[in-house]
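Residue 140 in my numbering is what sits at position 139 of the sequence shown, and the numbering runs on without skipping anything.
In this text, a Cβ means the ideal position worked out from N, Cα and C, and glycines have one as well.
Since this is a predicted model, take the numbers as computed values, not measurements.
Heads up, the thing below is written out as structure tokens.
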Amino acid sequence: MSKSVSYCILIGWAVVVVVLSAVSPNVLSDNNAFLKNFINHEILNVLGVILAITIASAGQLHLTLNSIEEKHSAPNHFVKTRNGIRSASYGLVWLFFVELVIVVIKPLLCAEGWAQSIFNGASLMVVICSVLALVSIVQAVFAIKAT
2 MSKSVSYCIL
12 IGWAVVVVVL
22 SAVSPNVLSD
32 NNAFLKNFIN
42 HEILNVLGVI
52 LAITIASAGQ
62 LHLTLNSIEE
72 KHSAPNHFVK
82 TRNGIRSASY
92 GLVWLFFVEL
102 VIVVIKPLLC
112 AEGWAQSIFN
122 GASLMVVICS
132 VLALVSIVQA
142 VFAIKAT
């Protein structure tokens, strides 16, 4: 998936969240039973699984790139790929931290309505970003050809 598609998905979701929060905040607020039970420690569990899988995949990808470089005597041939993997991995760690902050401050700042809708939408945005990072790393794994 290209960066353009990822950005379009994120911008599209942001627009949906803003419009729904303004027009019908009940859709994304805690009046939605699923979101009420999901945007808490449960969402942190989901992101933790995504983080663990992605970091393991990124580590394996890094080791595979090392072996390919050694086999073909081409040191530093995959600099751009490694930087992308590194930024996606650190990005996932930061997204987990952002989600932790959202889960902790949401009950303190949101009584009802549109504020809950914005926080729940932001939480789902973090999940979407995490899935997009996971997809990016998976695509990099499958792009490696047999040598």
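Let me make sure I understand the geometry here. Which of 45, 135, 51 has the alpha-carbon closest to that of residue 85?
It is 135.
Are the beta-carbon atoms belonging to residue 66 and residue 55 less than 8 Å from one another?
no
C-beta contact flag for residue 101 and residue 45 at 8 Å:
yes
Taking 6 Å as the limit between beta carbons, can you name the residues of its chain near residue 71, skipping five residues before and five after?
none
Residue from 142, 144, 137 whose Cα sits closest to the Cα of residue 6
137
Taking C-beta to C-beta, are residue 111 and residue 98 nearer than 8 Å?
no
With 16 other CB atoms within 10 Å as the buried threshold, where does residue 126 fall?
buried
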